[in-house]
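Taken in sequence, the protein lines are chains A and B.
Using this note's numbering, read the first sequence as starting at 1359 and increasing by one per residue.
Using this note's numbering, read the second sequence as starting at 864 and increasing by one per residue.
Ideal placement from N, C-alpha and C gives every residue a C-beta, glycine not left out.
Structure first, then comments.
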Amino acid sequence: ILNVEQSPQSLHVQEGDSTNFTCSFPSSNFYALHWYRWETAKSPEALFVMTLNGDEKKKGRISATLNTKEGYSYLYIKGSQPEDSATYLCASPGSNTGKLIFGQGTTLQVKP
Amino acid sequence: EAGVTQFPSHSVIEKGQTVTLRCDPISGHDNLYWYRRVMGKEIKFLLHFVKESKQDESGMPNNRFLAERTGGTYSTLKVQPAELEDSGVYFCASSQVSVSDNEQFFGPGTRLTVL
């Protein structure tokens, strides 16, 4: 059974701090790794879909790296802003059909 | 282009009642997924439609849950009769193709509370 783990569960930082969190997944039978940003009562918003070992993707102040051999991905936020406060979810498909297996998420709170 | 929409946004019902959730995917997306997040836990897969056919319903909790997608457009998820443990946020997502590296677009979810 595919198990996706995220850490930490929650994080409180000051505005301007840079932060990062981890998503771990089984390295065998890897298909892809999805990162989403979710604010309560809104639609989870796709940040990145990553497939290649060693890949790094960037969107503004947010970037992500992928290590498929050791089974982890890091999400980095540079210079956190209050509007970055949200729950960050990672998910990996259990097969090539698109069914996503989610981690529990990391809830980020950025204080002004 | 409109995103994935879900109705209602909130539903509060009593144990034993019936509730029907609706999802309208992005136009042209053949793949439609239902997921559920119970409070404090991870989002879990319920089922996957390709057009009007159920491709994978391995995540459906039990036979109190019935999903349909007649005509391959919108989908409904009916819970009958609802139990307390059915409370949670029900998400719908859609995608153009059903491969692992294809982005899924999520709706805002329906928050279901069973009293």
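Counting along the chain, A:Gln1367 sits inside no beta strand (DSSP E), nor does DSSP assign it H or E at all.
The criterion of a C-beta distance shorter than 8 angstroms is satisfied by A:Ser1376 and A:Lys1436.
Less than 8 angstroms divides the Cβ of A:Gly1456 from the Cβ of B:Ser961.
Straight-line measurement puts the Cα of A:Gln1372 at about 39 angstroms from the Cα of B:Gln959. Counted as a single uninterrupted DSSP element, the beta strand (DSSP E) harbouring B:Asp887 occupies residues 882-887. Considering only beta carbons, the part of the stretch 957-974 of chain B lying closer than 9 angstroms to chain A consists of Ser958, Val960, Ser961, Val962, Ser963, Asp964, Asn965, Glu966, Gln967, Phe968, Phe969, Gly970, Pro971, Gly972, Arg974, in chain order. Looking at the DSSP output, B:His911 bridges to B:Tyr896, B:Asp919. Within the stretch 1395-1429 of chain A, the residues whose Cβ lies closer than 7 angstroms to some Cβ of chain B are Ala1399, Lys1400, Ser1401, Pro1402, Ala1404, Val1407, Thr1409, listed in chain order.
A:Pro1384 carries a coil assignment under DSSP once its states are collapsed to helix, strand and coil.
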